[in-house]
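J.:
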Amino acid sequence: MEYSFSAIEPKWQRYWAAHRTFETATETTKPPFYVLDMFPYPSGAGLHVGHPLGYIASDIYSRYKRLRGFNVLHPMGYDAYGLPAEQYAIQTGQHPEITTRQNIDRYREQLDKIGFSFDWRREVRTSDPAYYRWTQWAFVRMFHSYYCLDTRQARPVAELEEVFASEGNSRIHAACSETPVFTAGEWAAMSSRERQQILMGYRIAYLGDTMVNWCAALGTVLANDEVVNGLSVRGGHPVEQRLMRQWCLRVSAYAERLLQGLDRLEWTESLKETQRNWIGLSKGAEIRFALSGAGAGAGIVVFTTRPDTIFGVTFMVLAPESDYAAQVVTPDRKAAAEAYIEATKKRTERERIADRQPTGVFTGAYAIHPLTGDKIPVWISDYVLAGYGTGAIMAVPAHDSRDYAFARRFGLPVVPLIEGCDVSQASFDAKEGIMQNSGFLDGLTVTEAIEKAKAYIEDNGLGTIKVNYRLRDAAFSRQRYWGEPFPVYYDADGMPQTLPEDALPLALPDVDKFLPTATGDPPLGRAARWAWDSINRTVAATADIDGKTIFPLERNTMPGFAGSSAYYLRYMDPHNPEALVGKDANNYWRAVDLYVGGTEHATGHLIYARFWNKFLYDIGAVCEDEPFRKLINQGMIQGRSNFVYRIRGTNTFVSARLKDGYDVTPLHVDVHIVDNDVLDLERFKAWRPEFADAEFILDDGRYLCGWAVEKMSKSMYNVVNPDDIVARYGADTLRMYEMFLGPLELSKPWDTNGIDGVHRFLKKYWRLFFSGNAFAVADDNATPQELKILHRLIKKVQTDIEHFSFNTSVSAFMIAVNELTELQCRKRAVLEPLTVALSPFAPHICEELWAHLGHTQSIAHAVFPDCDEQYIVENTIEYPVSFNGKMRFKKILPAGLPPAHIETAVLDDPQTAKYLDGKPPKKVIVVPGKIINIVL
RNA sequence: GCCCGGGUGGUGAAAUCGGUAGACACGCAGGACUUAAAAUCCUGUGAGCAGUGAUGCUUGUGCGGGUUCAAGUCCCGCCCCGGGUACCA
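The first sequence lines up with residues 44 to 979 when you count with the numbering used here.
What follows is the structure in structure tokens.
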């Protein structure tokens, strides 16, 4: 009987669905294990072979854990809000919801063909009101929370109001925007609007005038992780800095916890490092510089990580956007300074980065050096950022390359502070050497000087020790249609108010067009009477406001990361109408045990989700502080493009190895008409009308194509779709081949060339069960040799899966099946455990054979076989022999045997003889589990 | 610039603790079966040299040093590739 994957695979996929094989219940006596994939954005292009790589790995792991007795939660869903569906809607008028649903259906169809063990009953879609209700809910809670720096957690804003009323804000220690100090009396005297404005500065979800990344081409604001090199990640459009009133999340308040939490996670070092860089802890000091001739209050506070270099300060620099800039400029310099500030505003971030030539303008003001009393000129330059530190720096040109460039450009003095350093060509930035020209720091090393300078600054009231984080608050408004609406309206004072939680979800309204309004409002501005009646009724009922008043709703929508920041919690309890996740379900599953996904989310999703989760933890909504215990990054699968070489000006194509002799133009050719880099000439001629008369210069009778590794994309004709592979080889082959390609975390080009080997393996494995056409598995006892093959395999596969080393497991299966084929081993005692061990990798074929073996239940309910070490014991008598001739210290005896003493080793090997200095060893001790040890 | 990874045959890659480098697979070459093809199976396959041959010798994990009886693996100094990050003071 032939191995017919096309009959077997749909059959078992239907069986799993019909028998609810992979539906997971919460209440059970088994230990829980939560395996999660990063859910996909359902794009119109469908899945290509790269997408399922991580899903296959997590599926193998899930199925394995299930066989080892765990209750496994392995869900899947869709990150359904996103820009492409909206842009498609703008072009075609088709509602993004329709596009999204179609794409999801297509994804589902493709995923189902691969035979995943997802519990689809738990599916989550971020655009589903039943789900985004909880996204809106979290936002409402963030709005009503502030971050207390004493208890290091989010607390209700209501608590703040009480404190303000009783004692003002002077003793409040919170993460907040710049806020004036006020007393209880002053608070009482404030209008409701003024109070709301004060409170806004404390909220975790707050409306703030902040510098945002404005992308004119997309017509929206972008978060920092959505901008790379001054261009938008989506579409590559230029992005400029703009001051806008936007919803923001106070992610920066959590910087310290986000940093410290990393230590407890089983993530790759490189991913943790990426997050550490992004959070960007720097330890230093804030130092106050008084202004020459100005009033007592005036002064400039700078942040520096190098307080040891304070004696080398020869000027100061302010960021153009900084508040200092306007305050400090002297009247005679006002025009020049304003011109400069205007000019920098016009430049995009990209232009600023591209132009390394420093620019700047003198303010006319002088600061007083706090130690020497010298007058130091104060400049404005855009190399200083308003958003980091204090927006002002003390410039030490001798020991900072940026200050150095600026000093050289504007002829400012450079004072070297380290003995023997040469600053004639460049600054000396390294933190090494002995201090000089530095008063009380002279003679110290740089490291010592940093500490001493910090202590001096604190002791003498010149400033404070300070840690700074690079991590900034997240811009949370998008001027888009296809996203979660904010559950916010603006009251009679024009201040934002949240809808009551029981009024959620606030549904996304229909609009006539998906574009901004004529007045520049976001698309939601088109929803003329969007839900206003019902909303205002709710507001009236709860806030005792005249029901006829129309309050405007917030017209921005939330960004993509909003919906993906808590979806892993919803899977635990997907249909709960009372809570994002119920207490019981949350206490049972707790957190994601294994999260599989790409590194591209390191500074976006994986920061936001951790932030979001920590917030939910603070308000008692979830029981774990960190959402993802272990994280594996799968590599990207790139495309492998093929090229043909057309001789310029002709319709003649020359084979790759001969192309150097001609003047050729390489052209992408569809990888589907190329087999092992050999072009199918007839199909090539049929591919494009202009190639119908193509002529070829062949190499040894064949046309060899060139190849290159590129992104998988339509325009390169290198997209390989999993459906094609499944149709040709079956899902089991696809699954095993993707694992066989190499280590999971490595990026690699898709190359169909090797897939035959894996397919051959499955056929061989199938044939082990059959003699001719008859199923022929005997109940005879297995021989020691057969058991050795089996148990070695089990041990290998077990350790490999635990280490996510699936590629070597596939090899191990191949070796075992080859050996068993050689032995003609058709025994239940061997094939049954082998089938269970293989089932996570190739579930369909294993189910089929499992049924042939007489089982009536799915193999998913079987138990993964244990390795019995006794069958893989090496024969100890061979040891002295192996020692004779060649050195083999690394013969390891299995554990559980007594130590063996071998006194008769013959040492012919010259290298060993040298080591032993010509003398024979007194004895050779072989300790189980250890390397052979020689005693002289 | 800084911070992480990584560099092994024609190709994808193994080598879990410093112990026979290249498992397994692709490709290629030769062969069996077949009218033929597909499918399947067998043999060979890092490089170089010697030999009719079994085989033997030399060399070999980016480069240069070092430690060790023994180095792909450890140490020092380079080169190259990939990723992250960046006027972050």
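Cβ atoms here follow ideal geometry from the backbone N, Cα and C, with glycine treated the same way.
Source: prediction; values computed, not measured.
Grab the span of the alpha helix (DSSP H) containing threonine 263 for me, first residue to last.
T.: The residue labelled residue 263 in the question sits at position 220 within the first sequence. Per DSSP, threonine 263 belongs to no alpha helix (DSSP H); it is in the beta strand (DSSP E), 263 to 265.
J.: Is the separation between the beta-carbon of methionine 759 and that of glycine 682 shorter than 8 Å?
T.: Along the first sequence, one-based indexing puts residue 759 at 716. Along the first sequence, one-based indexing puts residue 682 at 639. The answer is yes: Cβ separation under 8 Å.
J.: Tell me, which residues are paired with histidine 711 by DSSP?
T.: One-based indexing of the first sequence puts residue 711 at position 668. In the DSSP output, where bridge partners are listed per residue, histidine 711 has Phe686.
J.: Could you pull out every residue in the same chain whose Cβ sits closer than 6 Å to the Cβ of proline 963, ignoring the five residues on either side in sequence?
T.: Along the first sequence, one-based indexing puts residue 963 at 920. For proline 963, the pLDDT reaches just 47, beneath the cut-off of 50, and the residue's location in the model is therefore unreliable, leaving the point undetermined.
J.: Note down, in chain order, each residue of its chain lying with its Cβ closer than 6 Å to the Cβ of leucine 596, except the 5 sequence neighbours on either side.
T.: Taking the first sequence and counting its residues from 1, the one referred to as residue 596 is at position 553. Same-chain partners within the cutoff: Tyr532.
J.: Per DSSP, what kind of secondary structure is threonine 373 in: helix, strand or coil?
T.: Position 330 of the first sequence, counted from the start, is the residue given in the question as residue 373. Looking at threonine 373 - three-state DSSP - the assignment turns out to be coil, as it is neither helix nor strand.
J.: Should aspartate 80 be labelled buried (16 or more other beta-carbon atoms within 10 Å of its own) or exposed?
T.: Taking the first residue of the first sequence as position 1, residue 80 is located at position 37. Label assigned to aspartate 80: buried.
J.: Which two residues bound the contiguous alpha helix (DSSP H) that contains threonine 851?
T.: One-based indexing of the first sequence puts residue 851 at position 808. That run of the alpha helix (DSSP H) goes 849 to 865.
J.: To the nearest angstrom, report how far apart asparagine 694 and glycine 704 are at their CA atoms.
T.: The count along the first sequence starts at 1 and reaches residue 694 at position 651. The count along the first sequence starts at 1 and reaches residue 704 at position 661. Using only the alpha carbons, I get a separation of about 16 Å.
J.: Hey, glycine 136 and proline 559 are a contact pair by Cβ (cut 8 Å); roughly how many whole angstroms apart?
T.: As a first step, residue 136 must be located in the first sequence, where it is residue number 93. As a first step, residue 559 must be located in the first sequence, where it is residue number 516. The Cβ separation is near 16 Å, so there is no contact.
J.: Please report the straight-line C-alpha distance between aspartate 906 and glycine 244, rounded to a whole angstrom.
T.: In the first sequence, the residue the question calls residue 906 occupies position 863. In the first sequence, the residue the question calls residue 244 occupies position 201. The displayed chain sequence assigns valine, not aspartate, to residue 906. Distance between the alpha carbons of valine 906 and glycine 244: 57 Å.
J.: What are the start and end residues of each continuous beta strand (DSSP E) run of 3 or more residues lying completely inside the segment 632 to 673, in chain order?
T.: 635 to 640
J.: Based on Cα-Cα distance, which residue from Gly125, Glu66, Gln400, Ser47 lies nearest to tyrosine 524?
T.: For the purposes of this step, residue 524 is taken as the residue at position 481 of the first sequence. Shortest Cα-Cα distance from tyrosine 524 to any of Gly125, Glu66, Gln400, Ser47 involves Gly125.
J.: Do you know whose CA, among Glu52, Tyr150, Ser170, Thr143, lies nearest leucine 549's CA?
T.: Locating residue 549 in the first sequence gives position 506, where the first residue counts as 1. Nearest option by C-alpha distance: Ser170.
J.: What is the residue span of the alpha helix (DSSP H) that glycine 800 lies within?
T.: Numbered from its first residue, the first sequence carries residue 800 at position 757. Per DSSP, glycine 800 belongs to the alpha helix (DSSP H) from 798 to 810.
J.: Taking Cβ positions, are phenylalanine 405 and serine 424 nearer each other than 8 Å?
T.: Taking the first sequence and counting its residues from 1, one reaches residue 405 at position 362. Taking the first sequence and counting its residues from 1, one reaches residue 424 at position 381. It is not a contact, given that the beta carbons lie outside the stated cut-off.
J.: Per the contact definition of three or more C-beta pairs closer than 8 Å, is the segment 433 to 444 in contact with the segment 456 to 468?
T.: yes
J.: Assign leucine 302 to one of three DSSP states: helix, strand, or coil.
T.: As a first step, residue 302 is located in the first sequence; it is residue number 259 there, counting from the start. Secondary structure at leucine 302: helix, using DSSP grouped into helix, strand and coil.
J.: Compute the minimum distance between the beta carbon of leucine 542 and the heavy atoms of the ligand SAH, and state whether it is under 7 Å.
T.: What this structure holds is no ligand at all, so the ligand SAH is not there to describe.
J.: The beta strand (DSSP E) spanning glutamine 468 covers which residue range?
T.: By one-based count along the first sequence, residue 468 stands at place 425. That residue, glutamine 468, is in no beta strand (DSSP E); it is neither H nor E in DSSP.
J.: Rounded to the nearest angstrom, what separates aspartate 952 and lysine 807 at their Cα positions?
T.: For the purposes of this step, residue 952 is identified with residue 909 of the first sequence, where counting begins at 1. For the purposes of this step, residue 807 is identified with residue 764 of the first sequence, where counting begins at 1. Bear in mind that the predicted position of aspartate 952 carries a pLDDT of just 42, short of 50, making it unreliable; the figure below should be weighed with that in mind. Going by the C-alpha atoms only, they are around 42 Å apart.
J.: Just to confirm the assignment, what range does the alpha helix (DSSP H) spanning alanine 770 have?
T.: As a working note, residue 770 is residue 727 in the first sequence. Note, alanine 770: alpha helix (DSSP H), 765 to 772.
J.: Within this structure, are the beta carbons of proline 543 and leucine 567 separated by less than 8 Å?
T.: Start at 1 with the first residue of the first sequence, and residue 543 comes out as number 500. Start at 1 with the first residue of the first sequence, and residue 567 comes out as number 524. Contact flag unset, no.
J.: Consult DSSP for serine 188 and reduce its assignment to one of helix, strand or coil.
T.: Locating residue 188 in the first sequence gives position 145, counting from the first residue. Of the three classes helix, strand and coil, the one that applies to serine 188 here is strand, per DSSP.
J.: Return the residue from the list Ala729, Leu722, Glu733 that minimises the CA-CA distance to aspartate 742.
T.: Looking up residue 742 in the first sequence gives position 699. That would be Leu722, whose Cα lies nearest to the Cα of aspartate 742.
J.: Once DSSP output is grouped into helix, strand and coil, what is the label at lysine 497?
T.: Counted from its first residue, the first sequence places residue 497 at position 454. DSSP places lysine 497 in helix when its eight states are reduced to three.
J.: Between aspartate 661 and the rest of its own chain, which residues show a CB-CB distance below 8 Å, the 5 nearest in sequence each way excluded?
T.: Walking along the first sequence from the start, residue 661 turns up at place 618. Cβ neighbours of aspartate 661 beyond the five flanking positions: Ser188, Gln196, Ala197, Arg198.
J.: What's the C-alpha gap between threonine 955 and asparagine 320?
T.: Start at 1 with the first residue of the first sequence, and residue 955 comes out as number 912. Start at 1 with the first residue of the first sequence, and residue 320 comes out as number 277. Only weak support is given to the placement of threonine 955: the predicted model assigns it a pLDDT of 44, under 50, and the value that follows is read from those uncertain coordinates. So the alpha carbons of these two residues sit roughly 50 Å apart.
J.: For the putative contact between phenylalanine 804 and valine 860, defined by C-beta atoms under 8 Å, what is the C-beta separation to the nearest angstrom?
T.: In the first sequence, the residue the question calls residue 804 occupies position 761. In the first sequence, the residue the question calls residue 860 occupies position 817. Indeed they touch by this definition, with Cβ atoms about 6 Å apart.
J.: Can you tell me which of the three DSSP states valine 421 falls into?
T.: Within the first sequence, residue 421 is the residue found at index 378, counting from 1. Valine 421: strand per DSSP, three-state reduction.
J.: Based on DSSP bridge pairs, tell me the residues matched to phenylalanine 358.
T.: One-based indexing of the first sequence puts residue 358 at position 315. Bridge pairing for phenylalanine 358: Ala438 [DSSP].
J.: For a quick check, are the C-beta atoms of aspartate 534 and phenylalanine 604 less than 8 Å apart?
T.: As a working mapping, residue 534 is identified with position 491 in the first sequence. As a working mapping, residue 604 is identified with position 561 in the first sequence. Not closer than 8 Å, so no.
J.: Going by the CB atoms, is the gap between tyrosine 58 and tryptophan 809 shorter than 8 Å?
T.: Looking up residue 809 in the first sequence gives position 766. Looking up residue 58 in the first sequence gives position 15. Their beta carbons are not under 8 Å apart, which means tryptophan 809 does not touch tyrosine 58 by this criterion.
J.: Run through the DSSP bridge pairs and tell me what tyrosine 533 is partnered with.
T.: On the first sequence, residue 533 is found 490 positions in, with the first residue counted as 1. Answer by DSSP bridge pairing, in chain order: Pro539.
J.: List the whole-angstrom C-beta distance separating arginine 515 from threonine 600, where the pair is believed to meet the contact cut-off of C-beta under 8 Å.
T.: Translated into the one-based positions of the first sequence, residue 515 becomes position 472. Translated into the one-based positions of the first sequence, residue 600 becomes position 557. At roughly 21 Å, the Cβ-Cβ gap does not stay under 8 Å, so arginine 515 and threonine 600 are not in contact.
J.: Measure from the alpha carbon of lysine 73 to the alpha carbon of each residue in Val421, Phe65, Arg111, Trp55, then state which is nearest.
T.: In the first sequence, counting from the first residue as 1, residue 73 sits at position 30. Nearest C-alpha to lysine 73: Arg111.
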